[in-house]
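Asks: First, the structure itself, so that you have it in front of you.
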Amino acid sequence: MTEAPNDSRTRRNVMVLIAAQAVLGSQMPMIFIVGGLAGQSLAPNICLATLPISLIIVGSMLTASPLSAVMQRFGRKAGFFVGVTGGTLGAAIGAAGLLSAIIGPQLVKVTAEAMVVPFLGTYLAVIALNIIGSSVFLFLDTPRPRKNPEASGPGRSRWELLKTPEVAVAIIIAMVAYALMNLVMTSTPLAVVGCGYTTHNAADVVMGHVLAMFAPSFVTGHLIHRFGTERIIAIGLIILFGAGAVALAGTELMNFFIALILLGLGWNFTFIGATTMLSHTHTQEERGRVQGMNDMMVMGGVTVASLSSGGLMNCSGGDVVQGWNAVNLAMGPFLVLAGGALIWLLLRARNSDGLAS
């Protein structure tokens, strides 16, 4: 008798989350497209062009553990509302900053002519998306988390979890996948516009990239189930390497499209594979701790990548093409790190199986 209501609630929650993701998720590509361009036009040093995007990631990193604790205690719904409130306030501050950069100097002039404020509409649209997206969560029906009566204790500490090889390798791979994706995606609008193409071209490239990030998710889980997590991660790392190779091959618009589509696909396989691997390494009591720790470390790596993006792109001592090449060459060592960690884990498991037999 309880199956039908639970199934109905599950279907409803899935639809609510899909709608919320469609609305709220659209703001990130918008910010990534205009954030670097707006920063480049406002920053006193062009090396800091990607600082606005980096600070978004810093906010994610600093709030990962507290929000995980909030959701563990009060439920996902409370955490979602806290998140969208922060997003709305952040977009409002961004819009106010752009307005002040124009209004301030103009107040000293006596003129009745209207000024066109670049990128202002984007930030106002982000505010609207957060307001609309937050209203969708009103229809979410999730029960408060309950303590497991059979739990033997609070579980392992963060340090004990990090010393677990499967946990450490999964987090390393997730960090590399997300950081490299952010490194290249953040630089892309600067590179596309810097190579003489339009902001609309940059938006189309980023759209192709975002589609490649999420569209494969319909089959990624099935591929992981059929071929194994490690194989899908390895394929993802190879695709990320291919994205860098295509980007280094030239700066034609098609190079940008293909490179960013490969970047999105490689991220999908690698990051989803890493998080799937991580999900098998902890108990229910450790879930919130692992999620917060993983999110904080991944966002820490993404923050460094985002900050490095502007420096590599604008301050590598050359033109736009040299900066773009520097960004893509920077992928190499980190792909080796992730690949090496995966190989080490596989060899360790094989040796353990050999000793057991």
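Going from the sequence shown to the numbering used here is simple: count from 1 and add 68.
Note that beta-carbon positions come from the ideal geometry of N, C-alpha and C, so glycine has one too.
Note that the coordinates shown come from a computational prediction; the quantities given were computed from them, not determined experimentally.
Start and end of the alpha helix (DSSP H) containing residue 347?
Replies: Residue numbering aside, residue 347 sits at position 279 when the sequence shown is read from its first letter. Per DSSP, residue 347 belongs to the alpha helix (DSSP H) from 321 to 347.
Asks: Please classify residue 336: is it buried, with 16 or more other beta-carbons within 10 angstroms of its beta-carbon, or exposed?
Replies: Reading the sequence shown from its first residue, position 268 is the one you call residue 336. Classification of residue 336: buried, given that the 10 Å Cβ count is 16 or more.
Asks: Whole alpha helix (DSSP H) runs in the segment 259 to 283 with 4 or more residues, listed along the chain?
Replies: 267 to 282, all fully within the segment 259 to 283.
Asks: Between the segment 285 to 293 and the segment 225 to 242, do three or more beta carbon pairs fall short of 8 Å?
Replies: No, the segment 285 to 293 does not touch the segment 225 to 242.
Asks: How far does the alpha helix (DSSP H) with residue 350 in it reach, from first residue to last?
Replies: Taking the sequence shown and counting its residues from 1, the one referred to as residue 350 is at position 282. Unbroken run through residue 350: none, as it is neither H nor E.
Asks: Tell me the DSSP secondary structure of residue 225 in three-state form.
Replies: The sequence position of residue 225 within the sequence shown is 157, counting from 1. If DSSP states are grouped into helix, strand and coil, residue 225 belongs with coil.
Asks: With DSSP collapsed to three states, give me the class of residue 363.
Replies: Here residue 363 refers to the residue found at position 295 of the sequence shown. Of the three classes helix, strand and coil, the one that applies to residue 363 here is helix, per DSSP.
Asks: May I ask which residues mark the beginning and end of the alpha helix (DSSP H) holding residue 313?
Replies: Locating residue 313 in the sequence shown gives position 245, counting from the first residue. Here the alpha helix (DSSP H) through residue 313 covers 297 to 316.
Asks: Count the other CB atoms within 10 Å of the CB of residue 415; is the residue buried (16 or more) or exposed (fewer)?
Replies: Mapped onto the sequence shown, residue 415 falls at position 347. Looking at its Cβ environment, which holds fewer than 16 other Cβ atoms inside 10 Å, residue 415 is exposed.
Asks: Let me check understanding here. Comparing Cα to Cα, which of 255, 390, 316 lies closest to residue 375?
Replies: Reading the sequence shown from its first residue, position 307 is the one you call residue 375. Nearest C-alpha to residue 375: 255.
Asks: Using a Cβ-Cβ distance cut-off of 8 Å, determine whether residue 333 contacts chain B.
Replies: Absent here is chain B; the protein component of the structure consists of one chain.
Asks: Can you list, in chain order, the residues of its chain with a C-beta nearer than 6 Å to that of residue 394? Leave out the 5 residues immediately preceding and following it.
Replies: Taking the sequence shown and counting its residues from 1, the one referred to as residue 394 is at position 326. Hits under 6 Å: 380, 384.
Asks: DSSP state of residue 398, grouped into three classes?
Replies: Numbered from 1 along the sequence shown, position 330 holds the residue referred to as residue 398. Here residue 398 sits in coil by DSSP.
Asks: Measure the CB-CB distance between residue 238 and residue 349 and report whether it falls below 8 Å.
Replies: On the sequence shown, position 170 is the one that residue 238 refers to. On the sequence shown, position 281 is the one that residue 349 refers to. A contact, by the Cβ cut-off of 8 Å.
Asks: Helix, strand or coil: how does DSSP classify residue 232 here?
Replies: Within the sequence shown, the letter at position 164 stands for residue 232. Of the three classes helix, strand and coil, the one that applies to residue 232 here is coil, per DSSP.
Asks: Taking the straight line between their C-alpha atoms, what separation do you get for residue 323 and residue 351?
Replies: Looking up residue 323 in the sequence shown gives position 255. Looking up residue 351 in the sequence shown gives position 283. Those two C-alpha atoms are separated by around 44 Å.
Asks: Mind the definition here: the segment 312 to 331 touches the segment 262 to 273 only if three or more C-beta pairs lie below 8 Å; say whether that holds.
Replies: They touch, by the three-pair rule.
Asks: Alpha carbons only, please: which of 377, 320, 410 is nearest the one belonging to residue 266?
Replies: For the purposes of this step, residue 266 is taken as residue 198 along the sequence shown, with counting starting at 1. For residue 266, the nearest C-alpha among the options comes from 320.
Asks: Are the beta-carbon atoms belonging to residue 308 and residue 248 less than 8 Å from one another?
Replies: Counted from its first residue, the sequence shown places residue 308 at position 240. Counted from its first residue, the sequence shown places residue 248 at position 180. Closer than 8 Å, so yes.
Asks: Got a sec? Which residues, its chain only, sit under 7 Å from residue 333 by beta carbon, not counting five neighbours each side?
Replies: Here residue 333 is taken as the residue at index 265 of the sequence shown, counted from 1. Around residue 333: 280, 284, 307.
Asks: Starting from the Cα of residue 343, find the closest Cα among 391, 390, 298, 262 and give me that residue.
Replies: Locating residue 343 in the sequence shown gives position 275, counting from the first residue. Residue 343 has its Cα closest to that of 298, out of 391, 390, 298, 262.
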